[in-house]
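Q: First the structure, then my questions, so here it is.
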Amino acid sequence: MSFFSKSFSSPGQLRPFVLSSVVFVATLGGYYILFGERHRRSRRRLEKELSEAIERVEELQLKLDEKREEEENEENKNSDKKEVRVFMDGVFDIFHYGHMNAFRQGHALGTFLLVGINSSESVERCKGSLPVMSDEEREMTVKGCKWVDEIIPKSPYIMTEEYLDYLFKEHNVDFVVHGDDPCLVNGKDVYEQAKKLGKYKSIPRTEGISTTEVVGRMLLLNKDHHDQPSNEKKDINAQLTSRQRTSSATNVFKRNSRFLTTGRMIRLFSAGHKEAPKNAKIVYMDGVFDMLHAGHVASIAKAKALGDYLIIGVYNDAIANACLGKNLPIFNLNERVLSILGCKNVDDVLIDSPWQITADMIASLNISLVVRGTHKMPGPATDESRYDVPKQMGIFVEIPSDSNLSVVNIIERIQINEEKYRKKFETKVKLEDQYYENRYKPVLESIKKETK
111 MSFFSKSFSS
121 PGQLRPFVLS
131 SVVFVATLGG
141 YYILFGERHR
151 RSRRRLEKEL
161 SEAIERVEEL
171 QLKLDEKREE
181 EENEENKNSD
191 KKEVRVFMDG
201 VFDIFHYGHM
211 NAFRQGHALG
221 TFLLVGINSS
231 ESVERCKGSL
241 PVMSDEEREM
251 TVKGCKWVDE
261 IIPKSPYIMT
271 EEYLDYLFKE
281 HNVDFVVHGD
291 DPCLVNGKDV
301 YEQAKKLGKY
311 KSIPRTEGIS
321 TTEVVGRMLL
331 LNKDHHDQPS
341 NEKKDINAQL
351 TSRQRTSSAT
361 NVFKRNSRFL
371 TTGRMIRLFS
381 AGHKEAPKNA
391 KIVYMDGVFD
401 MLHAGHVASI
411 AKAKALGDYL
421 IIGVYNDAIA
431 NACLGKNLPI
441 FNLNERVLSI
451 LGCKNVDDVL
461 IDSPWQITAD
471 MIASLNISLV
481 VRGTHKMPGP
491 ATDESRYDVP
501 KQMGIFVEIP
511 SDSNLSVVNI
521 IERIQINEEK
531 YRKKFETKVK
541 LEDQYYENRY
551 KPVLESIKKE
561 TK
């Protein structure tokens, strides 16, 4: 006999049970509909408040870091603390943000950073070929980095005992700094003497970027434009900024890189950037700024001289490709932003800057003057109307470009001696691969053991 047969001997006894069950289920459903939705709304509200709170905490943390930096700078000015002079040297050919990060780390080990730029003559003698960039071009670019206090031109490639003695006596250098990757000539450590004297410190290299890697990118360039003939005008307005593109845009150029750009790295490079003072004359200049070079550094210095606060706008990869043509840029947006953040005279950076400069943008950034260099870019993007608004407002200025140096010129220098650079690249890339294997093999093996 079933449970229901035992419990309810007649339909009259079963009916109240069914009715109460229906009422109970209906009550639960009603509670879920009425209060469940209320709980969901409450949860969404709390999630939003939490997200806003996290953003606020990050904002306050950034302000706190800036305040601490100001206090430390003030203490250094007012104290009798001994100046610690750090020396770094190198070829710094085809300058990149990896060099800048080395300077940032070197400067952090002391209070004054002195950088020696190896002479072309000594580089050719020790490495068998001249640098791609001239002595003057390399000196100006290094001098344009915000962590470099002073440069020593035409420094020897090999650090002899005599040269070290000169650095210690004439420049009061406390110690020498170099990356943790080996620097050998004929099997001999270039920094052997500094190490023997106990005047040497190493810093970790910036992984994912090197001069070898950049040369490799140039050697692999396709000479044809990535999606259409170079004489065909590109519709630049169709790919203005990443914020204006839709997910259906599948043919947008993007430069790949082994370098992993983290928020922490961007914050480290942004150190020292502050809000524009009240009533400051704010200057704005935009561009591609691919492979930062002496021409860029000179133009940035000229732009800053026209006001109190300089904002540099950096185009995304799609706009950069339309401006430069072929399979350019060499560096992607994140890499180019880091290069500009590391420059002297730059107070702030507008990342993924719009092609058209609008009245709203000028008002939002409180721009007093819009500046452009006279050097023309080689790509199909020729829309001069992007400056119409600042021209109409009477706040547009062209500054003469003192140099014809460009990323295209640098690539041409590589391509003229392509066979020579290709052989050097193949040799050095094997060494770099070995470096990464030695560095990460123990880590990867440890991870494999933990996951078993």
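Numbers in this note's numbering are just positions in the sequence shown, counted from 1, shifted up by 110. From the three backbone atoms N, C-alpha and C, an ideal C-beta is built for every residue, glycine too. Keep in mind the model is a prediction, meaning the values are calculated, not measured.
Does the distance from the C-beta atom of His206 to that of Ser495 stay below 9 Å?
A: No, Cβ-Cβ distance for His206 and Ser495 is not below 9 Å.
Q: Would you mind giving the Cβ-Cβ distance between Lys454 and Cys255, rounded to the nearest angstrom? I have them listed as a contact below 8 Å.
A: Indeed, because the Cβ distance is near 7 Å, the residues count as touching under 8 Å.
Q: Comparing alpha-carbon positions, which option in Ile376, Lys192 and His406 lies nearest Lys283?
A: Sequence check: residue 283 is Val here, not Lys. For Val283, the nearest C-alpha among the options comes from Lys192.
Q: Identify the continuous beta strand (DSSP E) that holds Val507 and give its terminal residues.
A: Counting along the chain, the beta strand (DSSP E) containing Val507 begins and ends at Phe506 to Ile509.
Q: For Ala386 versus Asp457, is the C-beta spacing smaller than 9 Å?
A: In contact: Ala386 and Asp457 (Cβ atoms closer than 9 Å).
Q: In whole angstroms, what separates the C-alpha of His605 from that of Ser320?
A: Because the chain in this structure spans residues 111 to 562, residue 605 falls outside the shown range and cannot be described.
Q: Using 8 Å as the cut-off, can you tell me whether the segment 398–417 makes contact with the segment 252–270, which would need three or more C-beta pairs spanning the two stretches below that distance?
A: Yes: at least three Cβ pairs fall under 8 Å.
Q: Quick one: residues in its chain with C-beta nearer than 7 Å to the C-beta of Leu411, no 5 flanking neighbours on either side, listed in chain order?
A: The amino acid at residue 411 is misidentified as Leu; the sequence shows Ala. Correct list, in chain order: Asn455.
Q: Quick check: the Cα distance between Ser230 and Ser244, rounded to an integer number of angstroms?
A: Using only the alpha carbons, I get a separation of about 7 Å.
Q: Would you tell me roughly how many angstroms separate the C-alpha atoms of Lys343 and Ala428, rounded to the nearest one?
A: The pLDDT assigned to Lys343 is 42, lower than 50, so where the model puts this residue is not dependable; a value taken from the coordinates is nonetheless given after this. Roughly 14 Å between the two C-alpha positions.
Q: Classify Asp275 as buried or exposed, calling it buried when 16 or more other Cβ atoms lie within 10 Å of its own Cβ.
A: By the neighbour-count rule (16 or more Cβ atoms within 10 Å), Asp275 is not buried but exposed.
Q: Identify whether Tyr425 lies in helix, strand or coil by the three-state DSSP scheme.
A: Of the three classes helix, strand and coil, the one that applies to Tyr425 here is coil, per DSSP.
Q: When you compare only the Cα positions, how much space is there between Met401 and Val447?
A: Straight-line Cα distance between these residues: approximately 11 Å.
Q: Between Phe202, Ile227, Glu260 and Ile392, which lies nearest to Phe506 when the distance is taken from Cα to Cα?
A: Measuring from the Cα of Phe506, the nearest candidate turns out to be Ile392.
Q: Can you name the start and end residues of the beta strand (DSSP E) that Pro263 belongs to?
A: It spans Glu260 to Ser265 - the beta strand (DSSP E) in which Pro263 sits, taken as one unbroken run.
Q: Going by the CB atoms, is the gap between Ile376 and Ala212 shorter than 9 Å?
A: No; because the gap between Cβ atoms is not below 9 Å, this pair is not in contact.
Q: State whether the segment 217–232 contacts the segment 417–432, with contact taken as three or more CB pairs (one from each stretch) at a distance under 8 Å.
A: The segment 217–232 is not in contact with the segment 417–432.
Q: Assess, as a yes-or-no matter, whether the segment 235–243 is touched by the segment 197–205 under the definition of 3 or more beta carbon pairs within less than 8 Å.
A: Yes, since at least three Cβ pairs between the segment 197–205 and the segment 235–243 fall closer than 8 Å, the two stretches touch.
Q: May I ask you to list the residues that DSSP assigns as paired with Ile376?
A: In the DSSP output, where bridge partners are listed per residue, Ile376 has none listed.
Q: Could you tell me the alpha carbon to alpha carbon distance between Glu528 and Val518, rounded to whole angstroms?
A: Approximately 15 Å, taken between the alpha carbons.
Q: If we count the other Cβ atoms within 10 Å of its Cβ and call it buried at 16 or more, is Ala432 buried or exposed?
A: Looking at its Cβ environment, which holds 16 or more other Cβ atoms inside 10 Å, Ala432 is buried.
Q: Hey, Phe285 and Tyr267: beta-carbon distance below 9 Å or not?
A: Not a contact, by the Cβ cut-off of 9 Å.
Q: Using the rule of at least 16 other Cβ atoms within 10 Å of the residue's Cβ for burial, across every protein chain shown, is His336 buried or exposed?
A: Since pLDDT at His336 reaches only 35, below the 50 mark, its modelled position is unreliable, and the value read off the structure follows with that caveat. With fewer than 16 Cβ atoms within 10 Å of its Cβ, His336 is classed as exposed.
Q: List the endpoints of the continuous alpha helix (DSSP H) containing Arg248.
A: Element bounds for Arg248: Asp245 to Lys253.
Q: Taking 9 Å as the threshold (C-beta atoms), are Glu247 and Ile261 in contact?
A: The answer is no: Cβ separation not under 9 Å.
Q: Could you give the DSSP three-state label for Lys540: helix, strand or coil?
A: Three-state DSSP puts Lys540 in a helix.
Q: Asn332 by DSSP, collapsed to three states: which one?
A: Because Asn332 carries a pLDDT of 48, less than 50, the predicted location of this residue cannot be relied on, and no value is offered for it.
Q: Would DSSP call Gln349 helix, strand or coil?
A: Its pLDDT being 44, under 50, Gln349 is placed unreliably by the model, and the measurement read from it follows with that caveat. Three-state DSSP puts Gln349 in a helix.
Q: Looking at the secondary structure, which residues open and close the beta strand (DSSP E) in which Ile227 lies?
A: From DSSP, the beta strand (DSSP E) with Ile227 extends over Phe222 to Asn228.
Q: Checking the sheet assignment: what are the DSSP bridge partners for Met395?
A: For Met395, which the question treats as bridged, DSSP gives the partners Ile422 and Val481.
Q: What's the C-alpha gap between Asn437 and Leu331?
A: Whole-angstrom Cα-Cα distance: 6 Å.
Q: Determine the closest residue to Ser265 out of Val225, His485, Trp465 and Met328, with distance taken between C-alpha atoms.
A: When each option's Cα is compared against that of Ser265, the closest is Val225.
Q: Measure from the alpha carbon of Val194 to the alpha carbon of each residue in Lys533, His281, Ala469 and Gly452, then state which is nearest.
A: Of the listed residues, the one whose Cα sits closest to Val194 is His281.
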